[in-house]
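Residues in the sequence shown are numbered consecutively from 1, following the UniProt record's numbering.
Note that CB positions come from ideal geometry on N, CA and C, so glycine has one too.
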Amino acid sequence: VLGMVVNREREIRQFLKTPFYRVTASLLPEGMAAGSGEDGAGEHSVPQKGFEGEWRAVEGSAWYQSPLLYKENGFLKKESAEALIDFLKTEEEAPVIEKIERKKEQKYPPLLYNLAELQNDCSRLFKLSPDETLRIAQELYEKKLTTYPRTDARVLSTAVAKEIARNIGGLKSYQPLAAFASQVLESGTFKGIAKTRYVNDKLITDHYAIIPTGQGLGALRSLAPASARVYELIVRRFLSIFYPPAVYQKISLVCIMKKERFFSSFRVLVEEGYLKVARRQDKGAAADRTGRVEADQSGGVEPENASGADAQKEEGGQTEEKYDAAFLAVLQKLKKGMKLSCEGFSIKEGETSPPKRYNSGSMILTMENAGQFIEDEELRAQIKGSGIGTSATRAEILKKLVAIQYLSLNKKTQIITPTQMGEMIYDVVSDSIRPLLNPALTASWEKGLAMVAQGEITSDEYMQKLTDFVTRRTNIVKQLNNQQVLYRQFEDSAKYYEKRPAAPAKKAEAASGKQN
């Protein structure tokens, strides 16, 4: 874990930003003036500002595979983007819809919570640390409000699925979501749950997913606000699986002008499905709304690690640009071969951004899925489903690394960074017993335990292998003479932890205080 955090921090330090410049066109159906408040036929009152089309250097473009490009939808220099706009404005021709595609997309409810997923969501939504989330989950379990929390499974067992009506029935007394529980019981959707992906005995080892019991609701009155929020999160996720998928209408356009193509994509929620129960109504929580149209770039080419106002997205991958439902009616009228008017061009500046630091929630998920970092397929399969630590110990591992000051955890943001001591320890281990930093070592030990369980080797043989490893590595460390190398590494990293000098005003204030 320490190794993953240090490596990520060093990736961030070494990252070189690459600026890029995207060109967009403001497009409007012919006969509809931007901001006019009505379309050409006067049938709809639609306050329009046009919609964006993003230029891409696809095959047929004068810039196709040009060295001036950053990916296919951006330029490395602003001058190149300006040259494209100048070209399009010279003997300007009206953009024409070359291709239009309409299709429906379904979004199914996510799997139920295991501890790692719950810790990740609570870190992201409530800024709770993993050990705090575990404490709350344990509290809810002890008060009989939810099931056993230390689980890796995200599904139910067949036996539990047969009795699930009891859990749902009890939630009719949980006022915030009582209407949803009643609706599930009345519709009978719970009866077929055993045939869905939410029930799978093969994916359960000791315990099934975390779900509400539907009992002990009197204990809700004694819960702290944070505990109450976590309980609501678990109930919403549970009830969601009994609702149909959300359905979106997606409209994609390709417009051509002077053999250059502009791409637009819009998405509108037409059926809420499970979203009406899954989404939280907290202030500031992002939520889809039926009939709201969004400019959707999820199917486009997004510059890798893009940053800047242009690249900011809401949860779910959509841009912040939104249009009302009436605009959907305008989009529905568009046809292949239809001419549009171009209201102008814009250059959107952005830059690549470094990898994100881990937060406490994403680190728990990374620990759970540590097998993805192992190249050996056999070893990767061995650690699959277990990862680093267990659902019961991952939070404690992270907490311990913070307690011994190898890692630093920002309580407000839950962002994790290494301390100077932690980075020094990493270098010492890396230069002496490097396998300890590799999840493959854990996987090989897990493989040995599995061989013992299957009778392929004895426990004594397994222990002898571990003893040999420890002895061999200890002898190597004893013979090392790498103090100078370590010293240089310590010096290299120390500059990132030097305390900033006090501001002049604060220095003067401090000096004045001493004189007084």
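Asked	Found
Best match in L16, T18, G50 and E11 for proximity to V344 [C-alpha to C-alpha]	Here residue 344 is Gly; the residue named in the question, Val, does not match the sequence. Per the Cα distances, G50.
Top-ranked residue by Cα proximity to T151, from T471, A116 and K77	A116
Given L111 as reference, the closest of L239, S182 and K78 once Cα atoms are compared	L239
Stretch-stretch touch, CB-based, cutoff 8 angstroms, three pairs: the segment 14-32 with the segment 75-85	yes
C-alpha gap between A370 and I388, whole angstroms	6 angstroms
Neighbourhood of V6 by C-beta, 6 angstroms cutoff - its chain only, sequence neighbours within 5 removed	P418, E423 and Y426
Whole-angstrom distance between Q249 and A395, CA atom to CA atom	41 angstroms
Touching by the beta-carbon criterion (3+ pairs, under 8 angstroms), the segment 220-230 and the segment 180-196	no
Contact check, E212 vs T146, beta carbons under 9 angstroms	It is worth fixing the name first, because residue 212 is Pro in this sequence and not Glu. Yes.
Buried/exposed call for R434, threshold 16 Cβ in 10 Å	exposed
At least three beta-carbon pairs within less than 8 angstroms, the segment 185-204 to the segment 120-132	no
Nearest to A94 (by Cα), restricted to the options S265, I251 and K339	K339
M363 burial status per 10 Å Cβ neighbour count (16 or more: buried)	buried
For K495, the three-state DSSP class (helix, strand or coil)	coil
Local conformation of N359 per DSSP, three classes	strand
Residue range of the beta strand (DSSP E) that includes R154	No beta strand (DSSP E) contains R154, which DSSP labels as neither H nor E.
Reduced DSSP secondary structure (H/G/I, E/B, other) of W445	helix
Nearest-angstrom Cβ-Cβ length linking S264 and G53, presumed shorter than 8 angstroms	5 angstroms
Of the residues G214, Y141 and Y497, the one placed nearest Y174, counting alpha carbons only	G214
As assigned by DSSP and simplified to three states, the class of G350	strand
Unbroken beta strand (DSSP E) run spanning Q106, endpoints	V96 to K107
Bridge partners - residue 580, DSSP secondary structure assignment	No statement about residue 580 is possible, as the shown extent of the chain runs from 1 to 516 and does not include it.
Close-in-space but distant-in-sequence residues of the same chain around T90 (CB under 8 angstroms, 5 per side omitted)	none
Pairwise C-alpha distance: V268 and I100	16 angstroms
Proximity winner among G218, T158 and A219, relative to K191 (alpha-carbon distances)	T158
Those runs of the alpha helix (DSSP H) which lie wholly inside the segment 171-258 and span at least 4 residues	178-187 and 225-240
Bridge partners - I416, DSSP secondary structure assignment	L409
Span separating the alpha-carbon of residue 581 from that of Y496	Absent from the model: residue 581. The displayed extent of the chain is 1 to 516, so no value can be given.
Three-state secondary structure (DSSP) of A62	coil
First through last residue of the beta strand (DSSP E) which encompasses F20	P19 to P29
Length of the line joining the Cα atoms of L118 and R236	12 angstroms
Sheet register partners of Y70 (DSSP bridge)	G74
Exposed unless 16 or more other CB atoms sit within 10 angstroms - verdict on E9	buried
Continuous alpha helix (DSSP H) stretch holding T158: start and end	T158 to K162
G454 versus G448: straight-line alpha-carbon distance, rounded	Gly is not the amino acid found at residue 454; the sequence shown has Gln there. Each residue's Cα considered, the two are about 10 angstroms apart.
Alpha carbon of L480 to alpha carbon of R472, nearest angstrom	13 angstroms
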